[in-house]
Amino acid sequence: MAKVTVPYTQHFALTMRRMREDGLLLVTTGADGRPNVMTIGWGTMGCIWGRPVFIVLVRPSRYTYSRLEESSDFTVNVPPRELAAAVSHCGTVSGREHDKFAEMRLTPVPSRQVRPPIIKECVVHYECRTLHRNDINPATLAQAVLDDAYPEGDFHRVYFGEIVAAYADEDAAQRLAR
Ligand SMILES: Cc1cc2nc3c(=O)[nH]c(=O)nc-3n(C[C@H](O)[C@H](O)[C@H](O)COP(=O)(O)O)c2cc1C
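Just add 5 to wherever you are in the sequence shown, counting from 1, and you've got our numbering.
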């Protein structure tokens, strides 16, 4: 299936829906260039500083966090429902001990603009170059969110990635809608 360039907002609603349903797949590489994939359930897209941006939240305890600190580009990949088991696995085990690409038979394909690969079996892809990062500040966070999301601390670092390429399978809308 050919991957065609799309406006970054083209599959916004379906991307957010798949994020809420199973999660999206975030791919990073460290200084050594080895790709690792983890599931994300929180994030969004929009326009900041006049640029298209994908925002992801990563806790310091994740292997992905240390990889992102070494090499801050990332890709976000939207999985079809058939990949639900792989998405669950990538959100349960760590790349410190597991080669999740191999275990889940996910195929890394070179990106167009950034070092981390995309995942061939996914349907929509966003290549991102980090413009800014900051940490959730518990002193300014609503108590309800603090209680719900951070009982053990491990406050997310928020990465603002400029979307430098967005592309999708030609039948992305049909595949993700079903
Ligand atoms: C549905 C789902 C959504 C998740 N969303 C996030 C997220 O947005 N941020 C985060 O830091 N961890 C999130 N996690 C947890 C990580 O995916 C999980 O800890 C993963 O094993 C980390 O992998 P790594 O150590 O290879 O980076 C999520 C897990 C699941 C199952």
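Note that CB positions come from ideal geometry on N, CA and C, so glycine has one too.
Quick caveat: nothing in here was measured; it's all calculated off a predicted structure.
Would you check whether ligand 1 has a heavy atom nearer than 8 angstroms to the C-beta of residue i?
i, result
"Met-6", "no"
"Tyr-155", "no"
"Ile-53", "no"
"Asn-82", "no"
"Cys-133", "no"
"Tyr-164", "no"
"Thr-44", "yes"
"Leu-41", "Checking the sequence, you will find Asn at residue 41 rather than Leu. Yes, since a heavy atom of ligand 1 falls inside the 8 angstroms radius drawn around the Cβ of Asn-41."
"Cys-95", "yes"
"Ser-99", "yes"
Does the distance from the CB of residue i to the CB of residue j come in under 9 angstroms?
i, j, result
"Ile-45", "Leu-29", "yes"
"Leu-111", "Asp-27", "no"
"Leu-19", "Ala-177", "yes"
"Pro-40", "Pro-143", "no"
"Leu-181", "Arg-25", "no"
"Glu-132", "Pro-85", "no"
"Val-128", "Ala-173", "yes"
"Thr-69", "Gly-100", "yes"
"Met-6", "Glu-175", "yes"
"His-130", "Val-83", "yes"
"Pro-57", "Glu-167", "yes"
Among the candidates the options, whose CA atom is the shortest distance from the CA of residue i?
i, options, result
"Asp-159", "Ala-171, Arg-117, Ala-173, Asp-140", "Asp-140"
"Gly-55", "Arg-23, Ala-173, Val-169", "Val-169"
"Thr-135", "Ala-171, Arg-23, Ile-60", "Ile-60"
"Pro-122", "Met-6, Gly-48, Gly-35", "Gly-35"
"Ser-76", "Gln-118, Met-50, Phe-165, Thr-33", "Thr-33"
"Ala-107", "Phe-17, Val-42, Asp-153, Pro-115", "Val-42"
"Gln-179", "Thr-10, His-16, Val-63, Asp-104", "His-16"
"Ile-124", "Ala-91, His-161, Leu-73, Val-163", "Ala-91"
"Arg-67", "Gly-51, His-103, Asp-37", "His-103"
Give the DSSP-derived three-state secondary structure of residue i in the structure shown.
i, result
"Val-92", "helix"
"Met-24", "helix"
"Thr-34", "strand"
"Thr-10", "strand"
Any beta strand (DSSP E) of 3 or more consecutive residues that is wholly inside the region 137–179 = 162–174
ask   = Of all the beta strand (DSSP E) runs that stay within the bounds of the region 71–140, which reach a length of 3 or more residues?
value = 79–83, 129–140
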